[in-house]
Amino acid sequence: GGKPVRIQFVGESLCPDCAAYTTKVLEPIFSSGLKDLIELDYVGWGNAKNTSGEVECQHGPRECDLNIALNCAQQLSKSQEDFFDFLYCLEREAFSSTGTEVLQTCSNSGRLSEKALRECSTGKLGAELERAAAAATPLHQYVPWILVDDVPLGADCGNLATYICAAYTGKKPEAC
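So the sequence shown is numbered by the numbering used here: it starts at 14 and just counts up by one.
Dropping the structure here:
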């Protein structure tokens, strides 16, 4: 087998285009054999800014909270499938709910402990993961900003599956 293709997804929790990308482009990859070829690295920061130690998110303070929750979920998940199920749930539910109630629903979807997720999100680990996401966010023109093995796809990010198949060096699955 070849080594996993690294997919970096630079996004933000309340960005409509990121939600659409998750449901229309990533979901089909996770429902097919392609998920076994990839290593998904979600970087929940996007267009946030850190001025004078105060983080400002593009879609307000709630987005900051949910970005941290996503970064925590990725850290706490037992598998990338579990994390993706959490991400998919959050991107479907977040726009029609308020506060962080979505964490209850989505921790179930992602087979995560809601308690552990909330502890991470409001504690030191969440703050560390937020700083790490800020540091890991490359220069980007917009979000979602998708990189395959560190190469940005730019406007062609809708064709992610094609890039995964091209980058994978092992035996190609039927999904390719």
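Note that CB positions come from ideal geometry on N, CA and C, so glycine has one too.
Note that the coordinates shown come from a computational prediction; the quantities given were computed from them, not determined experimentally.
Residue interval of the alpha helix (DSSP H) (run including residue i)
i: residue 139; result: 137-149
Closest Cα partner of residue i within the set the options
i: residue 142; options: 87, 24, 23 and 100; result: 87
i: residue 64; options: 147, 83, 182 and 189; result: 147
i: residue 20; options: 126, 133, 56 and 83; result: 56
i: residue 16; options: 45, 51, 39 and 85; result: 51
i: residue 85; options: 123, 109 and 72; result: 123
i: residue 98; options: 160, 46, 39 and 25; result: 39
i: residue 153; options: 138, 180, 170 and 117; result: 170
i: residue 89; options: 32, 102, 128 and 44; result: 128
i: residue 92; options: 31, 53 and 149; result: 53
i: residue 185; options: 145, 49 and 26; result: 49
i: residue 144; options: 115, 31, 29 and 66; result: 66
i: residue 135; options: 121, 113 and 120; result: 113
Test item: CB-CB of residue i and residue j under 8 Å
i: residue 100; j: residue 182; result: no
i: residue 42; j: residue 174; result: yes
i: residue 177; j: residue 18; result: yes
i: residue 188; j: residue 47; result: yes
i: residue 26; j: residue 149; result: no
i: residue 104; j: residue 32; result: yes
Neighbour-count burial assignment, residue i, 16 or more Cβ in a 10 Å radius
i: residue 96; result: buried
i: residue 22; result: buried
i: residue 76; result: buried
i: residue 78; result: buried
Residue interval of the beta strand (DSSP E) (run including residue i)
i: residue 64; result: 62-64
i: residue 23; result: 18-24
Cross-strand partners of residue i (DSSP beta bridge)
i: residue 57; result: 24
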